[in-house]
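Scroll down for the structure; my scribbles are underneath it.
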Amino acid sequence: MTRNPWPGFLLTLLAALAVWLIAGLATGWWVEAAAILLALGYLWNQYQLWRLERWLRVGRKLDPPISRGVWGEVFHALHRRQRRQRERRHRLRRVIREYRESAKAMPDATMVLYADDRLLWWNNAARELLGLTWPGDEGQRISNLLRQPEFRAFLDTATKHSAPLTMPSPVDPRITLELRLVPYGRDQRLLIARDISRTQRLETIRRDFVANVSHELKTPLTVIYGVAEEMGEELAAEQPVWAGSIRLLQEQSARMQRLVQDLLTLSRLETGSLAEEEDPVDMQALLEEVCAEARTLSGDQNHRIELEAEPGLFVRGSYGELRSAVANLVSNAVRYTPGGGAIRVRWQADAHTARCEVADSGIGIPREHLPRITERFYRVDKARSNATGGTGLGLAIVKHVMHRHGGWLNVRSEPDQGSTFTLVFPARTLERDGVSSNRHPAFTSR
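What follows is the structure, encoded as structure tokens:
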């Protein structure tokens, strides 16, 4: 506990005044006595200052000089502060050492980069997965060590929320790495590389299995549906008692056919990262066809389906895939919007993107379901999905189509207030009246 030195200082001052008074009365030399006392006080303080300077300069790790009064408290206060700073430095060194030891033990490759992408530190996994060597690679630009073109582009454009990069390991091409770049601190970035080879192999096995099974089911389901149609035409007319069962057989076989077709479409979309075609697609004409089909699907429900499309705005890609994505969104809007409801389709561009927006006044989607609605077979309301004939794969197909065309899907929805699904295409995939977005002023940044 810190003591208060000022009462002692005041007592010393009073004692000095008493000595001065007694000396002045005894000798009559008041000025001389005051000068002597002031000189002694000055010399005392200079001596303490010399001790303090010497201790700070050459003996800070030793115990402080012993003194009394204010100077004693100054020495002890400085000593306590130095001791706390030493303890704080020791704790900081221990935390840094433990952090580095834990980072070294991580199975994921972890690298700390300066603002100019020079290597500051990396763990053992980075040596194994990326072939980095210590200390030869310290201070080197990571782009000079990993020379894949896709990695250089990723390094230049990646942000905290960017999608990860998948690339083969420079050490072993059989190893597939997933790279993420995380900004932190003062213009520093953390580069993390994870070995996803096993996950990728399992995903390939799953995808091949689904594709093979779906392909094998396609032929028998076609036969079953054809037989059901023949039975409906002949047997149901002669024996009405079988009409309900035959109709149910037709409905379920048709539903299985749609499911198999969607599975085959999804498997085909998952086999590549880019659209299989690079032809300009007239989105206005495509949307007009889809909306015409949607009015037929609506039938006697009389949905108000409106289209607002910017003419002459094309997307480079696959007509079939883009039509599948838009048709899924519009047909979902018809299925989940009560009769007489409104469905509005818009297609327009701004300086940076083009957007195909499908908005409805339907039942909406609770907020907790939104992050998962693009998963395969995920249904918000299973009973309603079965009643409307949905397969649970439509939005998964939409997501993959947009990924293959370099775009993405945005969803906004509230229960009982409708939903808005937006397909967002980057400017590099667009053309206007046959002119690439790279040369047309409508797509240049303001």
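In terms of my numbering, the sequence shown opens at residue -11 and continues consecutively.
All residues carry an ideal CB built from backbone N, CA and C; glycine is no exception.
Residues near residue 263 by beta carbon distance below 7 angstroms, same chain, minus five either side
Indexing the sequence shown from 1 puts residue 263 at position 275. Residue confidence for residue 263 is low, a pLDDT of 49 falling below 50, so the modelled location carries little weight; the figure read from the coordinates is stated next. Around residue 263: 305, 306, 309, 392 and 393.
When the Cα of residue 316 is compared with those of 246, 62 and 167, which residue comes out closest?
Position 328 of the sequence shown, counted from the start, is the residue given in the question as residue 316. Considering only alpha carbons, the answer is 246.
Can you give me the C-alpha to C-alpha distance between residue 281 and residue 274, rounded to a whole angstrom?
Within the sequence shown, the letter at position 293 stands for residue 281. Within the sequence shown, the letter at position 286 stands for residue 274. For residue 281 and residue 274, the distance between alpha carbons rounds to 11 angstroms.
Cutting at 8 angstroms between CB atoms, please list the residues of its own chain near residue 404, excluding the five before and the five after it.
The residue labelled residue 404 in the question sits at position 416 within the sequence shown. Cβ neighbours of residue 404 beyond the five flanking positions: 351 and 352.
DSSP three-state label for residue 234, please.
Residue numbering aside, residue 234 sits at position 246 when the sequence shown is read from its first letter. Helix, per DSSP.
Taking 8 angstroms as the threshold (C-beta atoms), are residue 181 and residue 125 in contact?
Indexing the sequence shown from 1 puts residue 125 at position 137. Indexing the sequence shown from 1 puts residue 181 at position 193. Cβ distance not < 8 angstroms, so residue 125 and residue 181 don't count as in contact.
How about residue 418 and residue 313: do their beta carbons lie closer than 8 angstroms?
For the purposes of this step, residue 418 is taken as the residue at position 430 of the sequence shown. For the purposes of this step, residue 313 is taken as the residue at position 325 of the sequence shown. Contact flag unset, no.
Nearest-angstrom Cα distance between residue 78 and residue 70?
Translated into the one-based positions of the sequence shown, residue 78 becomes position 90. Translated into the one-based positions of the sequence shown, residue 70 becomes position 82. Those two C-alpha atoms are separated by around 12 angstroms.
Can you tell me the Cα-Cα spacing of residue 158 and residue 137, whole angstroms?
For this step, residue 158 is matched to residue 170 along the sequence shown. For this step, residue 137 is matched to residue 149 along the sequence shown. Roughly 13 angstroms separates the two Cα atoms.
In whole angstroms, what separates the C-alpha of residue 44 from that of residue 75?
Reading the sequence shown from its first residue, position 56 is the one you call residue 44. Reading the sequence shown from its first residue, position 87 is the one you call residue 75. Roughly 18 angstroms separates the two Cα atoms.
Check whether the Cβ atoms of residue 165 and residue 155 lie closer than 8 angstroms to each other.
On the sequence shown, residue 165 is found 177 positions in, with the first residue counted as 1. On the sequence shown, residue 155 is found 167 positions in, with the first residue counted as 1. Going by C-beta atoms, residue 165 is nearer than 8 angstroms to residue 155.
Within 8 angstroms, strictly: CB atoms of residue 322 and residue 285:
As a first step, residue 322 is located in the sequence shown; it is residue number 334 there, counting from the start. As a first step, residue 285 is located in the sequence shown; it is residue number 297 there, counting from the start. Yes. Within cutoff.
Kindly indicate which residue of 348, 220 and 390 has the alpha-carbon position closest to the one of residue 258.
One-based indexing of the sequence shown puts residue 258 at position 270. Nearest option by C-alpha distance: 390.
With the cut-off set at 8 angstroms, would you say residue 36 and residue 103 are in Cβ contact?
Numbered from its first residue, the sequence shown carries residue 36 at position 48. Numbered from its first residue, the sequence shown carries residue 103 at position 115. For residue 36 and residue 103, no; Cβs fall outside 8 angstroms.
Spell out a yes or no on whether the region 324 to 342 and the region 226 to 242 are touching, meaning 3 or more CB-CB pairs, one atom from each, closer than 8 angstroms.
no
In angstroms, rounded to a whole number, what distance separates the CA positions of residue 278 and residue 220?
Counted from its first residue, the sequence shown places residue 278 at position 290. Counted from its first residue, the sequence shown places residue 220 at position 232. Whole-angstrom Cα-Cα distance: 30 angstroms.
When you compare each of 360, 241 and 81 to residue 206 by their alpha carbons, which one comes out closest?
On the sequence shown, residue 206 is found 218 positions in, with the first residue counted as 1. Among 360, 241 and 81, the Cα nearest to that of residue 206 belongs to 241.
Going by the beta-carbon positions, is the gap between residue 484 and residue 115 smaller than 8 angstroms?
One cannot answer for residue 484 here, as it falls past the ends of the chain, which runs -11 to 434.
According to DSSP, simplified to helix, strand and coil, what is residue 84?
Reading the sequence shown from its first residue, position 96 is the one you call residue 84. Note: residue 84 maps to helix in three-state DSSP.
Counting only the same chain and skipping the five closest in sequence on each side, list residues whose C-beta sits under 7 angstroms from that of residue 319.
Along the sequence shown, one-based indexing puts residue 319 at 331. Excluding sequence neighbours, residue 319 sits near 282 and 285.
For the beta strand (DSSP E) containing residue 303, name the first residue and the last one.
Looking up residue 303 in the sequence shown gives position 315. Where residue 303 is concerned, the enclosing beta strand (DSSP E) stretches over 301 to 305.
Return the CA-CA distance between residue 94 and residue 178, expressed in angstroms with no decimal places.
Your numbering for residue 94 matches position 106 in the sequence shown. Your numbering for residue 178 matches position 190 in the sequence shown. Between residue 94 and residue 178, the C-alpha separation is close to 14 angstroms.
In terms of residue numbering, what span does the alpha helix (DSSP H) encompassing residue 132 cover?
Within the sequence shown, the letter at position 144 stands for residue 132. From DSSP, the alpha helix (DSSP H) with residue 132 extends over 130 to 133.
Name the DSSP bridge partner or partners of residue 155?
Residue mapping note: residue 155 aligns to position 167 of the sequence shown, counting from 1. DSSP output for residue 155 lists 165 as bridge partner(s).
Could you have a look at residue 321 and say whether DSSP puts it in helix, strand or coil?
As a first step, residue 321 is located in the sequence shown; it is residue number 333 there, counting from the start. The answer is helix: DSSP assigns residue 321 an H, G or I state.
For residue 117 and residue 195, what's the separation of their Cα atoms in angstroms?
Position 129 of the sequence shown, counted from the start, is the residue given in the question as residue 117. Position 207 of the sequence shown, counted from the start, is the residue given in the question as residue 195. When rounded, the distance between both Cα atoms is 27 angstroms.
I need the straight-line Cα distance from residue 40 to residue 110, nearest angstrom please.
On the sequence shown, position 52 is the one that residue 40 refers to. On the sequence shown, position 122 is the one that residue 110 refers to. Their Cα atoms are separated by approximately 44 angstroms.
Nearest residue (CA-CA) to residue 348, options 329, 357, 355 and 160
In the sequence shown, residue 348 corresponds to position 360, counting from 1. Ranking the options by Cα distance to residue 348, first place goes to 329.
Against chain D, does residue 323 count as a neighbour if the rule is that its beta carbon must be under 8 angstroms from one of theirs?
Although the question refers to chain D, the structure presented lacks it and comprises just one protein chain.
Could you name the residues of the same chain whose beta carbon sits closer than 6 angstroms to that of residue 361, not counting the 5 residues immediately before and after it, in chain order?
If you number the sequence shown from 1, residue 361 lands on position 373. Same-chain partners within the cutoff: 383.
Measure from the alpha carbon of residue 414 to the alpha carbon of each residue in 396, 400 and 420, then state which is nearest.
Sequence index remark: in the sequence shown, residue 414 carries index 426 (1-based). Looking at the Cα atoms, 396 is the closest of the given residues.
When the distance is taken between beta carbons, is residue 272 closer than 8 angstroms to residue 335?
The sequence position of residue 335 within the sequence shown is 347, counting from 1. The sequence position of residue 272 within the sequence shown is 284, counting from 1. Going by C-beta atoms, residue 335 is nearer than 8 angstroms to residue 272.
Buried or exposed for residue 59, going by 16 or more other Cβ atoms inside 10 Å?
On the sequence shown, position 71 is the one that residue 59 refers to. Result: buried.
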